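For the sequence shown, the numbering used here gives the first residue as 2, with consecutive numbering after it. Shown next, in structure tokens, is the structure this report addresses.
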Amino acid sequence: MRVRFGLHRDALEPTPPRTVVGEINLGPLGLLGLLESDLGIPPVAAHPSEAIAAYRECLADCDDWVRFYHRSFDVDPVGVARTLNEWRQQWYLHGWDGHIPEGVGGRLGDLAVVESLAAERVPPGVGQRLRTVHALLDRRRTQVREVELLDAPDDLPRAWRRVLDHFACTTTSSSAGRAPWNSDLGKLQALLTRDHVQPLTGDGSLVVIRAFSRDVTAQATAEMIRRLDDPSDAVVVASQDGIILDNALERVGLPRAGFQHFSPFRAASQVLKLAFALIWQPLDPHRLLQFLIHPVSPLPWRVRGRLAAAVASQPGIGGPAWQQAIAAIEDKVEDVEYWTTPARHDASQGAPVSALTSRTGRLVAWLATRRAVAREGEETAVYGAAYSQAAALSSTLDRLADGGRQRIGKIELDSLIDDATRPLPDTSLIAEAGHVPVTGHPGNVTDPTDQVFWWDLAPTRRDLASPWSNDERDSLASAGIDLPTAEDQLADDTRAWLRPVLNCQRRLVLVVHEEDEGRHPLWGRIQEQIRHGWIDVPLDESLLRGEETILDKIAIPTPPLERKPLPTPRRWWRIDQPLPVRETESYTSLNRTCYYPHQWVLTYAAKLRSGGINGVADGPLLKGSLAHRLFERFFTDHGDWPSLDDDEIHRWLDRTIRDLIEKEGAVLLENGRGVDRQQVITTLEHGLVRLLDHLRTANVRGAKSEQNVQRPFPGSVLHGEADLVVIDSDDNEAVLDAKWGSEKYRQDEIAAGRHLQLAVYGYALGEETWPSTGYYIVTTGNVVAPDAHFFPRAIVTEGEEVQSIWRKSLVTRDWRLEQFARGEIEVNADAEPDDASEPPDGGLETRVGADRFDEFRWLTGVAPFR
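Right, here's the structure in full:
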């Protein structure tokens, strides 16, 4: 067998298919696997994270206060193990035999001591596997007879050179330039090979496309490739973000080339992290919600959906919403409790290894079952990847338990999970038949090709810093380790980026993104030494100005598009059928009917709503909810509240607020929320005490919180829930609506006659005599009311009587219902009102301006769907 071997051939390689027998293109991992198979060496099945865990144990066994890694190891043992294991793997790859010469101390001496354990305990890396292959090649044969080296022998690590010395090797000669000498491309090749500068003529053989957006240049590049007579005669180089170019190829109707996007945020990669995020104290409701809505979960969606809605509305576990969701679940209750309410541990003290292994084992068992029953294709790949990651973590935890570890801290566990959940590809993206040859590394362009499209000629940012001092490098060299210098690495990079240019025969297209900081060395030489003369395409500017000549010259089509202006805000929607009328009304629906009809239509007729589980409640919404729940619990627990003294009230507050926040406002327990949490606690305590002062001053003898109210009115039935209904010693009744803040807003509302909410509750409770009404502002502890008849200490804002507001609302509602019957919907948003917006006599005044709480504001500028 003849092997064409290149250092970068494990990734996408652009060699077109050839009709040959007994020849194969391989990279380092491919050739190593082939040789191991031929020599009967068992494959290394260990996950990379297992090597890090094993090396961590070796470091721990050798650790004492004099080791150079001691202090860092105490803080981040997994991170230290990862870094030091990478160092030793590089040593092996560049010729190490596992020993350091006697007398060498310091860091190298410490690592030599650790290696005396690691050589036996840690799964072998590539360098160690090559040593094994090298030793067996002296006495065993393989099917490989000849190797064509696509890279210079000196570019190969020493371990590879030793292995390849066993085969007949030939080296691909480097090209001095394949384009005609008098073409612009040929002149560029002469510059790069002989440092010969010549003026360019703009013959089209050298094109530079410049733009800011990668999506724009990808689309332009795809259009150019689509117009080629034979795309197989071209090569595309995309060192990074090739998935953007692949998407553009698909958009223009070309086969996908197989670029991948590796991400740690694939669904399978998040299972472990979310499952273990719930074992720490305090509970993180954001992670709990993510666990419940995640597509890969040990709980079925019919269970998770209910729980997710509960957590979104009341962030925590154990509140009324959570209990109602649990009560509605007929089965899986034990599983719900196991996954969502495990024993929680202090992050600094760590969790017992036994508990972690148990949780991981349960995940492994579940994923094994799902993998076995998964449908073919993408689902199999997702669950297979998740299973392998969980199994790797399980193996690591078992190794730690066998080594005597009792507890693992949060930081260390997160590092172990990160190592187990390496970035994964998108399994739905594959190379399609007939795609243009592509590569992710310029060094892979080793054969002549007519055209090269180097998309995203980005600045190189290779880390050339070495962790070793000159003395240490000398010691390593005496141990047979031939580490490349910074100069060696730069030379390797230069030889790699020269290849696409020198092997191009007819046209080279370079795509440069101007938002990048710095520039690629190739682009730098062109700008500084040639300066001008190539076909320069400032793509953004050309597209904006409509300069079709230059774009047509390089085969980028620019068909004219009809200009479509954005829709202007409309005051009215009209449909060709009447809208249905609700049988019941609440304050919310009545307010929308009167003031914001489009909201009523989209909510109740179209049944649109925002996602209820997109995020957990927070901010004023959560704080107001906590205040309502605190008042409800107080008046439910204390029917005899007038007899309570201050000490009893404060003791109850201390117990209840803590429990309330844990079960219904756990976001306030997150790190960094201490000040916010204390402000909320103080405000709630002050708010309840001030409320009781107002009730005592008003001689209130009875109070009911969250009281259901219902009363018929012409054409419908009004229903709702009053925050607080109170009765004084003279049997006078009042209703308070609790608000977290916005005291000034409520005063202005009453003064302008817009306090419809108070009118609704007044009507609902006023079958015989209308009650007094007002707002209770939690943050200030003030009652804001139209009068002080019931609450002597209320802040009085004179305004229209609530009875009058109610009568006007009925007139306005009838007017709106007539519009609905004609299919007319007023959109009270950004458009100016017209004559049709004027309410009838005796109706509520139409509000001008959008509702700041309108969740449909992004829909109000377009015509309705039919």
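For glycine and all other residues, C-beta sits at the position ideal for the given N, C-alpha and C. Model, not experiment: these values are computed from the prediction.
Expected contact under 8 Å - CB spacing of Glu584 and Val710 to nearest Å:
Here the question's residue 584 lines up with position 583 in the sequence shown. Here the question's residue 710 lines up with position 709 in the sequence shown. In fact, because the Cβ distance is near 17 Å, the residues do not count as touching under 8 Å.
Could you give the distance in angstroms between the alpha-carbon of Leu201 and the alpha-carbon of Leu511?
Taking the first residue of the sequence shown as 1, we reach residue 201 at position 200. Taking the first residue of the sequence shown as 1, we reach residue 511 at position 510. Taking the straight line from one Cα to the other gives about 16 Å.
Three-state secondary structure (DSSP) at Pro470?
Locating residue 470 in the sequence shown gives position 469, where the first residue counts as 1. Looking at the sequence provided, one finds Ser at residue 470 rather than Pro. The answer is coil: DSSP assigns Ser470 none of H, G, I, E or B.
For Val253, the three-state DSSP class (helix, strand or coil):
Your numbering for residue 253 matches position 252 in the sequence shown. If DSSP states are grouped into helix, strand and coil, Val253 belongs with coil.
In DSSP terms, what Gly410 is bridged to
Working through the sequence shown from its first residue, we reach residue 410 at position 409. Looking at the DSSP output, Gly410 sits in no beta bridge, so it has no partner there.
Buried or exposed (CB count within 10 angstroms, at least 16 for buried), Asp537:
For this step, residue 537 is matched to residue 536 along the sequence shown. Asp537 is exposed by the Cβ-count criterion.
Starting from His756, follow its DSSP beta bridges and name the residues at the other end.
Numbered from its first residue, the sequence shown carries residue 756 at position 755. DSSP output for His756 lists no bridge partner at all.
Return the chain-ordered list of same chain residues with a C-beta closer than 8 Å to the C-beta of Arg867, the five sequence neighbours on each side being excluded.
Locating residue 867 in the sequence shown gives position 866, counting from the first residue. Low local confidence applies: a pLDDT of 40 at Arg867 is under 50, so the model's placement there is unreliable, with the coordinate-based value given in what follows. Excluding residues up to 5 positions away in sequence, Ile576 and Asp577 lie with their Cβ nearer than 8 Å to the Cβ of Arg867 in the same chain.
Suppose you measure from the CA of Val4 to the CA of Thr172; what does that come to, to the nearest Å?
As a working mapping, residue 4 is identified with position 3 in the sequence shown. As a working mapping, residue 172 is identified with position 171 in the sequence shown. So the alpha carbons of these two residues sit roughly 12 Å apart.
Nearest to Ala61 by alpha carbon, out of Asp835, Gly104, Val114 and Glu14?
For the purposes of this step, residue 61 is identified with residue 60 of the sequence shown, where counting begins at 1. Among Asp835, Gly104, Val114 and Glu14, the Cα nearest to that of Ala61 is on Val114.
Which stretch, first to last residue, makes up the beta strand (DSSP E) that contains Leu27?
Here residue 27 refers to the residue found at position 26 of the sequence shown. Residue range Glu24 to Leu27 is occupied by the beta strand (DSSP E) that includes Leu27.
Three-state class that DSSP yields for Arg141 in the structure shown:
Position 140 of the sequence shown, counted from the first residue, corresponds to residue 141. DSSP places Arg141 in coil when its eight states are reduced to three.
Taking the beta carbon of Phe260 as the centre, do at least 16 other beta carbons fall within 10 Å, making it buried, or is it exposed?
If you number the sequence shown from 1, residue 260 lands on position 259. So Phe260 ends up on the buried side.
Pick from Gly317, Leu290, Val304 and Asp347: whose alpha carbon is nearest that of Ala326?
Residue mapping note: residue 326 aligns to position 325 of the sequence shown, counting from 1. The residue with the shortest Cα to Cα distance from Ala326 is Val304.
Residues that Ile778 bridges to, as DSSP identifies them
Your numbering for residue 778 matches position 777 in the sequence shown. Ile778 is bridged by DSSP to Lys740 and Asn783.
Assuming Val701 and Asp729 are in contact, meaning their beta carbons sit under 8 Å apart, how far apart are those beta carbons, in whole angstroms?
As a working mapping, residue 701 is identified with position 700 in the sequence shown. As a working mapping, residue 729 is identified with position 728 in the sequence shown. So it is a contact: roughly 5 Å between Cβ atoms.
Apart from the five residues just before and just after Glu51, which ones in its own chain have a Cβ nearer than 8 Å to its Cβ?
The residue labelled residue 51 in the question sits at position 50 within the sequence shown. If we look at Glu51 and ignore the five residues flanking it on each side, its Cβ neighbours are Pro124, Ala393, Ser396, Thr397 and Arg400.
Just to confirm the assignment, what range does the beta strand (DSSP E) spanning Leu511 have?
Position 510 of the sequence shown, counting from 1, holds the residue named residue 511. Residues Cys505 to His514.
Rounded to a whole number of angstroms, what is the C-alpha to C-alpha distance between Arg360 and Leu85?
Within the sequence shown, residue 360 is the residue found at index 359, counting from 1. Within the sequence shown, residue 85 is the residue found at index 84, counting from 1. Distance between the alpha carbons of Arg360 and Leu85: 29 Å.
Determine, using beta carbons only, whether Val272 and Ala387 come nearer to each other than 7 Å.
One-based indexing of the sequence shown puts residue 272 at position 271. One-based indexing of the sequence shown puts residue 387 at position 386. Taking 7 Å as the Cβ cut-off, Val272 and Ala387 qualify as a contacting pair.
What's the gap between the Cα of Leu766 and the Cα of Asp415?
Sequence index remark: in the sequence shown, residue 766 carries index 765 (1-based). Sequence index remark: in the sequence shown, residue 415 carries index 414 (1-based). Distance between Leu766 and Asp415, taken at the CA atoms: about 56 Å.
Assuming Arg211 and Glu515 make a contact with CB atoms under 8 Å, what is their CB distance in whole Å?
Locating residue 211 in the sequence shown gives position 210, where the first residue counts as 1. Locating residue 515 in the sequence shown gives position 514, where the first residue counts as 1. Indeed, because the Cβ distance is near 6 Å, the residues count as touching under 8 Å.
Have a look at Leu293 and Leu300 and give me their C-alpha separation to the nearest angstrom.
The sequence position of residue 293 within the sequence shown is 292, counting from 1. The sequence position of residue 300 within the sequence shown is 299, counting from 1. If you take the alpha carbons of Leu293 and Leu300, they lie about 8 Å apart.
Reduced DSSP secondary structure (H/G/I, E/B, other) of Ile527
Looking up residue 527 in the sequence shown gives position 526. Reduced to three states, the DSSP call for Ile527 is helix.
Report back the beta-carbon spacing between Asp483 and Arg159 to the nearest angstrom; my notes put them in contact at under 8 Å.
Mapped onto the sequence shown, residue 483 falls at position 482. Mapped onto the sequence shown, residue 159 falls at position 158. Taking 8 Å as the upper bound for CB-CB distance, Asp483 and Arg159 are in contact here, some 5 Å apart.
Cβ shell of Gly850 (< 7 Å), same chain only, five flanking positions each side left out
Locating residue 850 in the sequence shown gives position 849, counting from the first residue. When the five nearest sequence neighbours on each side are left out, no beta carbon in the same chain lies closer than 7 Å to the beta carbon of Gly850.
Please state whether the Cβ-Cβ distance between Ala704 and Val690 is less than 7 Å.
Counted from its first residue, the sequence shown places residue 704 at position 703. Counted from its first residue, the sequence shown places residue 690 at position 689. In terms of Cβ geometry, Ala704 and Val690 do not form a close pair [threshold 7 Å].
Going by DSSP, name the residue or residues bridged to Asp537.
Here residue 537 corresponds to residue number 536 of the sequence shown, with the count starting at 1. Looking at the DSSP output, Asp537 bridges to Val209.
Quick one: give me the first and last residue of the beta strand (DSSP E) that Asn709 is part of.
Start at 1 with the first residue of the sequence shown, and residue 709 comes out as number 708. For Asn709, the enclosing beta strand (DSSP E) stretches over residues Val701 to Phe714.
Let me check understanding here. Comparing Cα to Cα, which of Pro449, Leu284 and Asp419 lies closest to Ser174?
To locate residue 174, count along the sequence shown from 1; it is residue 173. Closest option to Ser174, Cα to Cα, is Pro449.
Local conformation of Val198 per DSSP, three classes:
In the sequence shown, residue 198 corresponds to position 197, counting from 1. Reduced to three states, the DSSP call for Val198 is coil.
Assuming Leu860 and Leu603 form a contact by the criterion Cβ under 8 Å, report the distance between their Cβ atoms to the nearest whole angstrom.
Counting from 1 along the sequence shown, the entry for residue 860 is found at position 859. Counting from 1 along the sequence shown, the entry for residue 603 is found at position 602. At roughly 7 Å, the Cβ-Cβ gap stays under 8 Å, so Leu860 and Leu603 are in contact.
Cα-Cα, which of Asn783, Pro787, Gly782 and Gly742 is closest to His756?
Along the sequence shown, one-based indexing puts residue 756 at 755. The alpha carbon of His756 has as its nearest neighbour, out of Asn783, Pro787, Gly782 and Gly742, the alpha carbon of Pro787.
Which stretch, first to last residue, makes up the alpha helix (DSSP H) that contains Phe821?
What you label residue 821 is simply residue 820 of the sequence shown in a count that begins at 1. Val803 to Ala822 is the span of the alpha helix (DSSP H), which, as asked, contains Phe821.
Go ahead and label Thr798 buried or exposed: buried means 16 or more other beta carbons lie within 10 angstroms of its beta carbon, across all protein chains shown.
To locate residue 798, count along the sequence shown from 1; it is residue 797. By the C-beta density criterion, Thr798 is buried, having at least 16 other C-beta atoms within 10 angstroms.
Quick one: what's got a C-beta closer than 7 Å to Gln190's C-beta in the same chain, skipping five residues either side?
The count along the sequence shown starts at 1 and reaches residue 190 at position 189. These residues qualify, in order along the chain: Gly178, Ala180, Val502 and Leu503.
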